[in-house]
Amino acid sequence: MKYRMEFSQQGKKELKKLDAFTQKIIMKWICKNLIDTENPRIHGKELKGNLKCFWRYRVGNYRLLADIQDETVTILSIKIGHRKDIYE
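Residue numbering for the sequence shown follows the UniProt record's numbering, starting at 1 and increasing by one per position.
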């Protein structure tokens, strides 16, 4: 089964706040590594603590937090931001 990528309202909003160059890099990485992938977990890391239901993807100095929904074969982007701000 191939996964599809969706963005939450917050994820879309945070992506739009970034400069155009950074947006392009993040979208290119998503297209290459997450869209139509058979296993989205190989590129990410499962988080711990109060964020343990999410997966983290590293794109340079930026982080993409996502919820992998196996029952609907969907990767839902929850947050996108710089690594110093993303976990707050």
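The C-beta atom is built at its ideal place from N, Cα and C for all residues, glycine as well.
Identify, in the order they occur along the chain, each residue of the same chain with its Cβ nearer than 8 Å to the Cβ of residue i, setting aside the five sequence neighbours on each side.
i: methionine 1; result: Glu38 and Val73
i: glutamate 14; result: Lys79, Ile80 and Gly81
Taking residue i as the reference, give the member of the options with the closest Cα.
i: glycine 81; options: Glu6, Met5 and Gln10; result: Gln10
i: cysteine 31; options: Arg4, Gln69, Asp70 and Asp67; result: Arg4
i: proline 40; options: Cys53, Leu47 and Tyr57; result: Tyr57
Which residues in the same chain have their Cβ closer than 7 Å to the Cβ of residue i, if we skip the five residues on either side of it in sequence?
i: isoleucine 86; result: Arg63, Leu65 and Lys79
i: leucine 76; result: Glu6, Ser8, Ala66, Asp67 and Gln69
i: methionine 27; result: none
i: lysine 17; result: none
i: cysteine 53; result: Asp67
Would you mind stating whether residue i and residue j have Cβ atoms separated by less than 8 Å?
i: glycine 49; j: isoleucine 25; result: no
Between residue i and residue j, which are expected to be in contact by the criterion C-beta below 8 Å, what is the C-beta distance as a whole number of angstroms?
i: leucine 34; j: histidine 43; result: 7 Å
i: tryptophan 29; j: lysine 45; result: That belief does not hold up - the Cβ atoms of tryptophan 29 and lysine 45 are roughly 15 Å apart, past 8 Å.
Less than 6 Å between C-beta atoms, sequence neighbours within five positions excluded: which residues of the same chain meet that for residue i?
i: arginine 83; result: Asn61 and Arg63
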